[in-house]
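Have a look at the structure below, then the notes.
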Amino acid sequence: MPGVTISSKGNPDPVEKSYRRMVRGIDLFERNRAKSPQGQLRFKLLPRKPGVSLDKLELLVLGKTIETPIPVAPDRTFVLARDQKAWDENAMVTPDRKALTMTWRAEVRTPGLPPDTRRLGDLRLECQVGMEAGLYSNSPSFITRIFSEISSSPAYCDNPENRYLFFAERPVFGVTLVSGARREMVPASRLYAAAIDTPTLAQELQFCDCEVLLDRTYFLPLGDRSWPDDTLVVFDYMEDGDARR
Numbered sequence: 001m002p003g004v005t006i007s008s009k010g011n012p013d014p015v016e017k018s019y020r021r022m023v024r025g026i027d028l029f030e031r032n033r034a035k036s037p038q039g040q041l042r043f044k045l046l047p048r049k050p051g052v053s054l055d056k057l058e059l060l061v062l063g064k065t066i067e068t069p070i071p072v073a074p075d076r077t078f079v080l081a082r083d084q085k086a087w088d089e090n091a092m093v094t095p096d097r098k099a100l101t102m103t104w105r106a107e108v109r110t111p112g113l114p115p116d117t118r119r120l121g122d123l124r125l126e127c128q129v130g131m132e133a134g135l136y137s138n139s140p141s142f143i144t145r146i147f148s149e150i151s152s153s154p155a156y157c158d159n160p161e162n163r164y165l166f167f168a169e170r171p172v173f174g175v176t177l178v179s180g181a182r183r184e185m186v187p188a189s190r191l192y193a194a195a196i197d198t199p200t201l202a203q204e205l206q207f208c209d210c211e212v213l214l215d216r217t218y219f220l221p222l223g224d225r226s227w228p229d230d231t232l233v234v235f236d237y238m239e240d241g242d243a244r245r
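First residue of the sequence shown? That's 1 in UniProt numbering, and the numbers climb one at a time after it.
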C-alpha cells in the first residue's frame with residue numbers, strides 16, 4: 001500500500017516520520033532487550049537550524065481519520081503509543097515545525113548510571129532503533145562521505161567503522177570508553193561529525209542534521225564486540241562551551 005502523507009494543519013511542509021516505521025523501531029527494541037535489560041525507550045526531538053525553538057512544540061499522529069496528540073516532555077522526548085488505527089491508516093508522526101528545522105533520534109537509557117555517562121549497549125540499541133524507524137535525515141555534500149554507507153538497515157550499526165551520529169547533552173571535550181580496568185579515549189576523528197578539519201565546513205554544515213549540535217556529536221565503535229554492552233561511555237564536557245539548544 002503506498003504511503004499517504006497528511007500534513008499538520010497550517011504547516012504544508014512538516015518534518016514528519018512514518019508511524020509504521022517508528023513502531024517497527026519499537027518492535028526491534030523489544031526483540032533486542034538483551035542489549036539493554038533495564039533500558040527505557042523514548043524518542044527525542046532536537047533543533048537542526050540556528051534560531052529554531054522547540055519550546056511549546058505540538059506533536060500529532062495524523063492519519064486519514066485520526067489526529068492524536070502526543071505529549072512531549074520538557075526534555076523534548078516522547079513515547080509513541082501503539083494504535084492499530086494509526087497503523088492501518090499509514091499515519092505520520094508530525095510536529096508543528098517545517099522540514100529541515102529539527103531532527104529526530106531514538107533514546108535508550110538505563111536508570112541509575114553515574115553522572116555524565118551512558119551505557120554502550122543502550123547506544124547500540126539506539127542506533128538500531130533509529131535506523132529501523134527511519135529517523136536519520138541528512139542531505140548530500142561532505143556529509144555524503146560520512147553517511148554514504150548508511151542504509152535503512154539496523155545491521156549498519158554492527159559495522160565497527162559506523163558513522164552513526166550521537167548527540168551528547170552538552171558540547172564535548174572528550175569521550176572515553178571504560179570497561180573494568182580498560183579505558184580508551186574515543187579518537188578526535190570520531191568527534192564533531194569527523195568534520196572539524198573540513199575546509200568547506202561553514203558552507204556544507206547546513207546539509208547535516210548536526211548543524212547546530214556539531215560540538216555535541218560523536219561516533220562510537222558499536223560493532224567492536226571487545227567492548228561489552230555494559231561498557232560505560234564517559235563524557236568530559238566543555239565547561240565554557242556554548243550549549244546551543
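Virtual Cβ for every residue (Gly too), placed ideally from N, Cα, C.
On a predicted model such as this, the values are computed, not experimentally measured, just so you know.
For residue 40, the enclosing beta strand (DSSP E) stretches over residues 40-47. Rounded to whole angstroms, the Cβ separation of residue 174 and residue 236 is 4 Å, and the two are in contact under 8 Å.
Remark: three or more beta-carbon pairs, one from each stretch, lie closer than 8 Å, so the region 33-45 and the region 70-82 are flagged as touching. Fewer than three pairs of CB atoms, one per stretch, sit closer than 8 Å, so the region 211-222 makes no contact with the region 56-71. The continuous stretches of beta strand (DSSP E) do not include residue 219, and DSSP gives it neither H nor E. Restricted to the region 82-164, the beta strand (DSSP E) segments that are unbroken, complete and at least 3 residues in length are 92-95, 102-109, 117-119, listed in chain order. For residue 190, there is no enclosing alpha helix (DSSP H), as DSSP gives it neither H nor E.
Contact annotation, residue 33 with residue 132: C-beta distance approximately 15 Å; criterion of less than 8 Å not satisfied. When C-beta atoms of the region 113-123 are compared with those of the region 86-102, fewer than three pairs fall below 8 Å, so the two segments do not count as touching. Of the candidates 207, 177, 230, 159, 207 places its Cα closest to the Cα of residue 193.
Inter-residue distance for residue 183 and residue 230 is about 13 Å (C-alpha atoms, whole angstroms). Of 122, 161, 101, the smallest CA-CA separation from residue 111 is found for 122. Per DSSP, the unbroken beta strand (DSSP E) holding residue 183 starts and ends at 182-185.
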